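Numbering (our numbering), first residue to last: 333 to 387. Here a beta-carbon is modelled for each residue, glycine too, at the ideal position from N, C-alpha and C. A quick note: this is a predicted structure, and the numbers were derived from the prediction, not measured. Below is one structure, written out as structure tokens; comments come after it.
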Amino acid sequence: MTTDLVLDTSGFDVLFLACTKRADAKLVTDDKKMYEKAVKAGIKAELLRETTSSP
Numbered sequence: 333m334t335t336d337l338v339l340d341t342s343g344f345d346v347l348f349l350a351c352t353k354r355a356d357a358k359l360v361t362d363d364k365k366m367y368e369k370a371v372k373a374g375i376k377a378e379l380l381r382e383t384t385s386s387p
């Protein structure tokens with residue numbers, strides 16, 4: 333991950349992003365900012381808001 337990404341991200345989010353990248357897994361989140369940071373870092377990610385439908 334790049335330094336600018338880490339400096340602009342909470343400690344918990346950095347941990348989730350790092351673990352996801354290390355495991356070569358997909359991050360599934362409902363947090364748009366976290367999703368955007370994952371994509372920027374080259375991490376596979378899915379935003380739940382885009383995959384679920386409203387009643």
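Residue 370 versus residue 346 - alpha carbon distance: Taking the straight line from one Cα to the other gives about 10 Å.
Own chain, CB closer than 8 Å to residue 362, minus 5 neighbours either side, in chain order: By the criterion of a C-beta distance shorter than 8 Å, residue 362 is surrounded in its chain by 379, 380 and 381, once the five residues flanking it on both sides are discounted.
Residue 377 - containing beta strand (DSSP E), residue span: From DSSP, the beta strand (DSSP E) with residue 377 extends over 377 to 379.
For residue 358 and residue 377, believed in contact at Cβ under 8 Å, the rounded distance: By a beta-carbon distance limit of 8 Å, residue 377 contacts residue 358. Their separation comes to about 6 Å.
Range covered by the beta strand (DSSP E) that runs through residue 361: Its beta strand (DSSP E) spans residues 359 to 361.
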